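A.B. asks:
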Amino acid sequence: MVVTAWYCDRAVKEYLLPLLRSLFESLRDLLPILLVIAFFQLVILRQPIPHFGDLLWGIGLVVLGLTLFVQGLEMGLFPLGETMAYDFARKGSLVWLLVFAFSLGFGTTVAEPALVAVADEAAQVAASGGSIEDNDAARERYATGLRLTIALSVGIAIVIGVLRILRGWPIQYLIIGGYLGVVIMTLFAPPEIIGIAYDSGGVTTSTITVPLITALGVGLASSIRGRNPMTDGFGLIAFASLTPMIFVMGYGILLG
Amino acid sequence: MSSDFLHALAGTLFDVLPIVVIIFGFQVFVIRRPIANLRRVLLGFLYVLLGLALFLDGLEKALFPLGRLMAEQLTDSGFLHRAMHVEGTALDWRDYLYVYLFAAAIGFSTTVAEPALLAVALKAREVSGGAIGVWGLRIAVAIGVGLGIALGTFRIVTGTPLHWYIITGYVLVLIQTLSVPKNIIALAYDSGGVTTSTVTVPLVAALGLGLASTVPGRSPLLDGFGLIAFASLFPIMSVMGYAQISHWRARRQRPQRG
Chain V
1 MVVTAWYCDR AVKEYLLPLL RSLFESLRDL LPILLVIAFF QLVILRQPIP
51 HFGDLLWGIG LVVLGLTLFV QGLEMGLFPL GETMAYDFAR KGSLVWLLVF
101 AFSLGFGTTV AEPALVAVAD EAAQVAASGG SIEDNDAARE RYATGLRLTI
151 ALSVGIAIVI GVLRILRGWP IQYLIIGGYL GVVIMTLFAP PEIIGIAYDS
201 GGVTTSTITV PLITALGVGL ASSIRGRNPM TDGFGLIAFA SLTPMIFVMG
251 YGILLG
Chain U
257 MSSDFLHALA GTLFDVLPIV VIIFGFQVFV IRRPIANLRR VLLGFLYVLL
307 GLALFLDGLE KALFPLGRLM AEQLTDSGFL HRAMHVEGTA LDWRDYLYVY
357 LFAAAIGFST TVAEPALLAV ALKAREVSGG AIGVWGLRIA VAIGVGLGIA
407 LGTFRIVTGT PLHWYIITGY VLVLIQTLSV PKNIIALAYD SGGVTTSTVT
457 VPLVAALGLG LASTVPGRSP LLDGFGLIAF ASLFPIMSVM GYAQISHWRA
507 RRQRPQRG
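Sequence order for the protein chains is V and U.
According to my numbering, the first sequence is numbered sequentially starting from 1.
According to my numbering, the second sequence is numbered sequentially starting from 257.
In structure tokens:
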């Protein structure tokens, strides 16, 4: 009896309580959206909330999903990103590390659904602006080319970002250089591509890529002597959101 | 187990596949060392996969349809005429007050729930030894996204060129970079890229498209873009602003204590 009670107690403390706590935290994360939607629906638009049962069921799924995701981050993505960083640092092969960085950036971006959608819209804009022919084949070619361009730019971004961590270059000079690049390209790019180019920076980094790349950067910065994980470890995502803007405008200039 | 869930799961699986192939390929052929705690890592991947699929399925069931519908209703010219408008004049930018409010509120609240931002905030807390709180960073980023998207809707309504806003933003980021503590700079730049993924993009895109197709003289194809650019630029400023404020407060308090 005593032993069973002890096991129960341990199970509650080690599994149930943390689980309840993280469920509660996920619910708290979701609360602002619910308040905003309720307020605008009931007070401003003055309409009832449709399908209330579906809404509650959906919220339950979201909360459960967020909880599982965070659990999985701590167990899988974070440790994996860090161990790989340590392993590469110990192996000491710069070339392989950079090849890995490029593949990770290129490979995770090229199939990204958000990017596929953006590329298709961009093709429509280009066709309506008259810079490509307005038929399926031409649009398809344009969209595929754009996707490859963006994936290439993200691959290059991660390579530059990893080099920066290794060498300890201050991030602000590189980012400001990138901003200058964006401004210069804006001057020459066809006007209809600018909006898409600026948006493309935000859609490249997916929910699964971000934790992995962040862990990789922090892991690299902590395994190299003289690097500070706080100052040097972050920043890979920043590069991955900046280079696509420049490359997309370049693509627009070349094909425009 | 509904078909929607399976659909979301397939989508997430497709998302994870390139990562798995790249990582395990390099692990086996280049690093040539077994992954530590392989079973735990695989279980973690499974959790991430299931978690994201549930998350997306839930959003698609509950929040996205309602959010999209509200974005449409708020930008609808009938509602705008009833809400704020003085009869007998054309709609001008002041009549869109509720749209700006909704944009700010939805930008803020969806960012708080964004899983990618949560991941970066968890990492930042770990690396900074707790100095940067998970909640504090997310609120700072969310304020930035809210302000950014509100300004972005204002831009669509007024039809002013996107690049002037963004270039001005760059100049502000530059000035702030010169005066913030060094260790926050990289994190601030990163927070621009993580704000816009699973939760924010679908709702914000609906808002931009709805607005661009109802405001007279705007084309959804040309003017509907740009909100995401605002949502990725403004958090950089708000996170650096947050760092500046806490830095100043710490400096002001120090002499009194000593």
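We treat Cβ as the ideally placed atom computed from N, Cα and C, and that holds for glycine.
This structure is a prediction, so every number in the text was calculated from the model and none was measured.
Quick check on R289(U) - is its C-beta less than 8 Å from some C-beta in chain V?
C.D. replies: For the purposes of this step, residue 289(U) is taken as the residue at position 33 of the second sequence. Yes, R289(U) counts as interfacial toward chain V.
A.B. asks: Taking all protein chains shown into account, decide if Q41(V) is buried (16 or more other Cβ within 10 angstroms of its Cβ) or exposed.
C.D. replies: In the first sequence, counting from the first residue as 1, residue 41(V) sits at position 41. Classification for Q41(V): buried.
A.B. asks: Which bits of chain U does I132(V) rub up against, with CB to CB less than 9 Å?
C.D. replies: The count along the first sequence starts at 1 and reaches residue 132(V) at position 132. The premise fails here: I132(V) is roughly 14 Å from chain U at the closest Cβ pair, so nothing lies under 9 Å.
A.B. asks: So with Cβ pairs under 8 Å, would you call T243(V) a contact of chain U?
C.D. replies: Residue numbering aside, residue 243(V) sits at position 243 when the first sequence is read from its first letter. No, its Cβ sits nowhere closer than 8 Å to a Cβ of chain U.
A.B. asks: Identify, in the order they occur along the chain, each residue of the same chain with its Cβ nearer than 7 Å to the Cβ of L30(V), setting aside the five sequence neighbours on each side.
C.D. replies: Mapped onto the first sequence, residue 30(V) falls at position 30. Apart from sequence neighbours up to five positions away, the residues of its chain that approach L30(V) with a beta-carbon distance below 7 Å are I59, V62, V63, ordered along the chain.
A.B. asks: Which residue wins for smallest C-alpha separation from I184(V), given the options A122(V), R10(V), P113(V), M249(V)?
C.D. replies: Walking along the first sequence from the start, residue 184(V) turns up at place 184. The candidate whose alpha carbon is nearest that of I184(V) is M249(V).
A.B. asks: From the DSSP output, in three-state form, read off E382(U) for me.
C.D. replies: Working through the second sequence from its first residue, we reach residue 382(U) at position 126. Note: E382(U) maps to helix in three-state DSSP.
A.B. asks: Where does R164(V) fall in DSSP's three states?
C.D. replies: Walking along the first sequence from the start, residue 164(V) turns up at place 164. In this structure, R164(V) counts as helix in the three-state DSSP scheme.
A.B. asks: Between which two residues does the alpha helix (DSSP H) containing G448(U) stretch?
C.D. replies: Mapped onto the second sequence, residue 448(U) falls at position 192. Per DSSP, G448(U) belongs to the alpha helix (DSSP H) from 438 to 450.
A.B. asks: For the region 354 to 374 of chain U against the region 426 to 439 of chain U, do three or more pairs of beta-carbon atoms, one drawn from each stretch, fall closer than 8 Å, so that the two count as touching?
C.D. replies: no
A.B. asks: Which residues bound the alpha helix (DSSP H) around D479(U)?
C.D. replies: Translated into positions along the second sequence, residue 479(U) becomes position 223. Counted as a single uninterrupted DSSP element, the alpha helix (DSSP H) harbouring D479(U) occupies residues 476 to 479.
A.B. asks: Given that P491(U) touches chain V, what residues does it touch there, using C-beta distances under 8 Å?
C.D. replies: Here residue 491(U) refers to the residue found at position 235 when the second sequence is read from its first residue. By Cβ distance, chain V contributes nothing, its closest Cβ being about 11 Å from P491(U), past 8 Å.
A.B. asks: Just to confirm my understanding: we take S494(U), look at its own chain, exclude 5 residues before and 5 after, and list those with CB closer than 6 Å. What are they?
C.D. replies: Taking the second sequence and counting its residues from 1, the one referred to as residue 494(U) is at position 238. Only A396, I399, G400 meet the Cβ criterion.
A.B. asks: Under the three-state reduction of DSSP, which class applies to I501(U): helix, strand or coil?
C.D. replies: In the second sequence, counting from the first residue as 1, residue 501(U) sits at position 245. In the three-state DSSP reduction, I501(U) falls in the helix class (H, G or I).
A.B. asks: Tell me which residues of the region 401 to 421 of chain U have at least one Cβ-Cβ distance to chain V shorter than 7 Å, keeping chain order.
C.D. replies: L418, H419
A.B. asks: In its own chain, which residues sit with a C-beta less than 8 Å from the C-beta of L407(U), not counting the 5 before and 5 after it?
C.D. replies: Within the second sequence, the letter at position 151 stands for residue 407(U). Taken in chain order, the residues that qualify are Y421, F486, F490.
A.B. asks: With respect to the alpha helix (DSSP H) encompassing A197(V), which residues constitute its N-terminal and C-terminal limits?
C.D. replies: Start at 1 with the first residue of the first sequence, and residue 197(V) comes out as number 197. Looking at the DSSP string, the run of the alpha helix (DSSP H) that includes A197(V) is 191 to 203.
A.B. asks: Step through the CB atoms of chain V and report whether any lies within less than 8 Å of the CB of G514(U).
C.D. replies: Position 258 of the second sequence, counting from 1, holds the residue named residue 514(U). Bear in mind that a pLDDT of 40 at G514(U), under 50, signals an unreliable position, so the model cannot answer this.
A.B. asks: Taking only the alpha-carbon atoms, compute the straight-line gap between L34(V) and R225(V) and give it to the nearest angstrom.
C.D. replies: Along the first sequence, read from residue 1 onward, the residue named residue 34(V) stands at position 34. Along the first sequence, read from residue 1 onward, the residue named residue 225(V) stands at position 225. When rounded, the distance between both Cα atoms is 46 Å.
A.B. asks: Drop a sphere of 10 angstroms on the beta-carbon of E140(V), count the other beta-carbons inside from all chains shown, and report buried for 16 or more, exposed for fewer.
C.D. replies: For the purposes of this step, residue 140(V) is taken as the residue at position 140 of the first sequence. It counts as exposed.
A.B. asks: Between the region 433 to 450 of chain U and the region 171 to 184 of chain V, do three or more beta carbon pairs fall short of 8 Å?
C.D. replies: Counting Cβ pairs under 8 Å, three or more are found: they touch.
A.B. asks: Can you tell me whether V455(U) is helix, strand or coil according to DSSP?
C.D. replies: If you number the second sequence from 1, residue 455(U) lands on position 199. V455(U): coil per DSSP, three-state reduction.
A.B. asks: Relative to the alpha-carbon of R167(V), which residue among R21(V), E25(V), A89(V) has its alpha-carbon at the smallest distance?
C.D. replies: Within the first sequence, numbered from 1, the residue matching residue 167(V) stands at position 167. Comparing Cα-Cα distances from R167(V) to each of R21(V), E25(V), A89(V), the minimum goes to A89(V).
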